Amino acid sequence: MSVQWLGRASRRAPLCLPLFSQPVAAGFPSPAQDHVEQRLDLNGLCIKHPQATYFVRAKGDSMVEHGIVSGDILVVDRALEARHGDIIIASLQGDFTVKRLCLHPSPCLQPGNPAYPPIAIEEDNPPDIFGVVTFVVHPTRLS
Amino acid sequence: MFALVDCNNFYTSCEMLFRPDLRDRPVVVLSNNDGCVVARSPLAKAMGIPMGVPAFQVRHLEKQAGLVMFSSNYALYGDMSARVMATLEQLVPEVEAYSIDEAFLGLHGLPATTLPSLARRIRRTIDRHQGLPVCVGIAPTKTLAKLANHAAKTWPATQGTVILTDPARQQRLMSLLPVGTIWGIGRRMVGHLEQLGIHTALDLARSHPATLRKRFSVVIERLVRELNGEPCLPLDLLPGPRKHIVASRSFGNRVTERRVIGHAVASHTWRASERLRQDDNLARQMTVYIRTGAKDPNYYGNAASGAFAQPTRDTRQLLDMAHRLLDQLWQPGYRYAKAGVVLTDLCHRHQQQTDLFGDRPGSDALMDVMDRINHSGKGKVWLAGQGMQADRKAWEMKRLRLSPSYTTDWQQIPEVS
Ligand SMILES: [Mg+2]
């Protein structure tokens, strides 16, 4: 599975949706209006390091078992140190690829699809890690 | 104490971040209209491609040596620059964004022993978070910090950071650098100084400041004091509100038709008015200029200005004015190379007293809607004067090797196999 570049985290005002503590009664002024407790910001949830966050688009089916299918948008955080088990973006032979990073028993990049073999990491030639995937944006409705 | 953080080969580094396939290829970025080389990757430098060389003189290296050339992608560089500056602001309290790829940092009150590790941390963080290589120079003045950064770039053994707090080290470095390396010493000044026997930076540092002030200016006296470790140039943390907005561009091909130049001026007006609204400002004055190539035997260049009865941010009013000014300027029979629009005498929208008759009803709402559509990535709304897409090709900048705007446009998805 390869990846495509999409865009950066928005610097515009966050998209805010009010969270009500009680169900809202329709049609007349709601008593719940006095109880707006906080506003949920999807950027705040998904983007911990805005300056270090990039978006990429997944292509192909090599990561379906990890919940990434072709066309999904991946949130990539470069500020994080990649750990065992992280889904990462790495450059392999000049292409970006998304795989799971396995450090033991033997270091490899693990696809999420039995049709693809794991890619062994040679100690003297480690892949260039671009960043750690922190969220997957997967649309569920065809537009 | 000041630090200068400067990105290495900034434009090519931005391009290569998103193209791992180019890691072992020489890469250059070209100026406006793909004219000449303005940035070179380390491999391109090693090949001996000089800065500023016209693109056509190195084009053969694409086939012969695998050279990769890019048009300037300002959307990409601007975004990467903003990321670097914001990251620096998280590391130190005082950041002056000095150019697209350079920032001065104020490091006052930090113990000297912490400076080397701070410099390394800055380098590591920008490399990690943005994926860009930077060099860091730290010294008691901005001018010395510039020299320290130059040293960090020039000598790989420094590993990209140079701390220049020790006067003996400052002098040793200055003795190695020609006087033209100093920030603010232009080529003409180098000529004057050499006549006085001032060849190295150290020669200048040892000159008598008052004599130089008499001979040249207070600017050069300040430089001498700065070279001797006496800070004269403070951090410029608050660049005042924008005093004017310029939207101009050289044409990809020479333009001879009034209609085509009109579309270009309209498009510049549109961009300038968008910027005006982004800052929540109004403009009182507008200038339009057009000119042929500077060296054309048949040269023509002229500018016209007009004032608005009421300061405005309405693109329609600005376009009316732009077309009236262009009518005064336009002369047939010339091959025009450039047109520009300048908005001056700006004021903030809320400082402006409203004139009951001056404002067009619904103007703000209409402009907001147009800006929002144009920024949504879903398409563009044009005012009729800007011309259709086919017309735009006639005057728009040549950017034949433009990379995708990887970080600023959801629509620009490169094909990856
Ligand atoms: Mg630079």
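Protein chains in written order, with numbering that gives the first Met the number 0: chain A, 0 to 142; chain B, 0 to 416.
All residues carry an ideal CB built from backbone N, CA and C; glycine is no exception.
In this text, all values refer to a predicted model and were calculated from it rather than measured experimentally.
Collapsing the DSSP output to three states places B:Cys-13 in a helix. Following the DSSP letters along the chain, one finds A:Val-74 inside the beta strand (DSSP E) bounded by residues 72-76. Boundaries of the alpha helix (DSSP H) around B:Ser-272: 257-277. Within the region 94-108 of chain A, Asp-94, Phe-95 place their CB atoms closer than 9 Å to a CB of chain B, listed in sequence order. The alpha helix (DSSP H) runs lying completely inside the region 68-142 of chain B and spanning 4 residues or more are 73-90, 114-128, given in chain order.
As DSSP reads the structure, B:His-198 sits in no beta bridge. Against chain A, the beta carbon of B:Gln-129 has neighbours under 9 Å at Gln-50, Ala-51, Arg-77, listed in chain order. Between the C-alpha atoms of B:Asp-20 and A:Phe-134 there is a straight-line separation of about 26 Å.
If you draw a straight line from the Cα of B:Gln-129 to the Cα of B:Asn-148, it is about 20 Å long. Partner residues in the beta bridge of B:Arg-248, as assigned by DSSP, are B:Ala-338. With respect to B:Gln-330, B:Ser-304 sits apart: the two C-beta atoms are not nearer than 8 Å. Secondary-structure assignment with DSSP links B:Ser-304 through a beta bridge to B:Thr-286. DSSP places B:Arg-171 within a helical segment (H, G or I) once states are collapsed to three. Membership of A:Arg-99 in any alpha helix (DSSP H) is not indicated; the residue belongs instead to the beta strand (DSSP E) covering 94-101.
Residue-level contact check: A:Asp-127 touches chain B, since one or more beta carbons of chain B fall below 8 Å from its beta carbon. Among the residues facing chain A, B:Ala-85 is included, as its CB has a counterpart in that chain under 8 Å away.
With contact defined as three or more Cβ pairs closer than 8 Å, the region 134-150 of chain B and the region 0-19 of chain B are in contact.
Scanning chain B for C-beta atoms nearer than 7 Å to the C-beta of A:Ser-90 yields Pro-19, reported in chain order. Residues of chain A with a Cβ closer than 7 Å to the Cβ of B:Arg-82 are, in chain order, Gln-50. The beta carbon of A:Cys-101 sits closer than 6 Å to the beta carbons of Cys-107, Gln-109 from its chain, once the five residues preceding and following it are set aside; these are given in chain order. If one requires a minimum length of 3 residues, the beta strand (DSSP E) runs lying completely within the region 31-59 of chain B are 36-39, in chain order. Cβ-Cβ separation between B:Arg-24 and B:Leu-42: approximately 7 Å, consistent with a contact (criterion under 8 Å). Around the beta carbon of B:Tyr-298, a 10 Å sphere encloses fewer than 16 other beta carbons of the protein chains shown; the residue is thus reported as exposed. Bounds of any alpha helix (DSSP H) do not take in B:Thr-406, whose DSSP letter is neither H nor E. By the Cβ neighbour-count rule, B:Ser-12 is buried, with 16 or more other Cβ atoms within 10 Å of its own.
In this structure, the CA atom of B:Gly-332 is about 32 Å from the CA atom of B:Glu-273.
In terms of side-chain proximity, the C-beta atom of B:Asp-100 is found nearer than 7 Å to a non-hydrogen atom of ligand 1. Residue pairing from DSSP places B:Asn-280 in a beta bridge opposite B:His-347.
Its Cα nearest to that of A:Phe-54, the residue A:Ile-88 stands out among A:Thr-139, A:Leu-44, A:Ile-88, A:Pro-126. Ranked by Cα distance from B:Asp-278, the options B:Ala-302, B:Arg-253, B:Ala-308, B:Arg-312 are led by B:Arg-312. For ligand 1, no non-hydrogen atom lies closer than 7 Å to the CB of A:Cys-107.
Between ligand 1 and B:Cys-6, a heavy atom-to-CB distance of less than 7 Å is present. B:Thr-180 carries a helical assignment under DSSP once its states are collapsed to helix, strand and coil.
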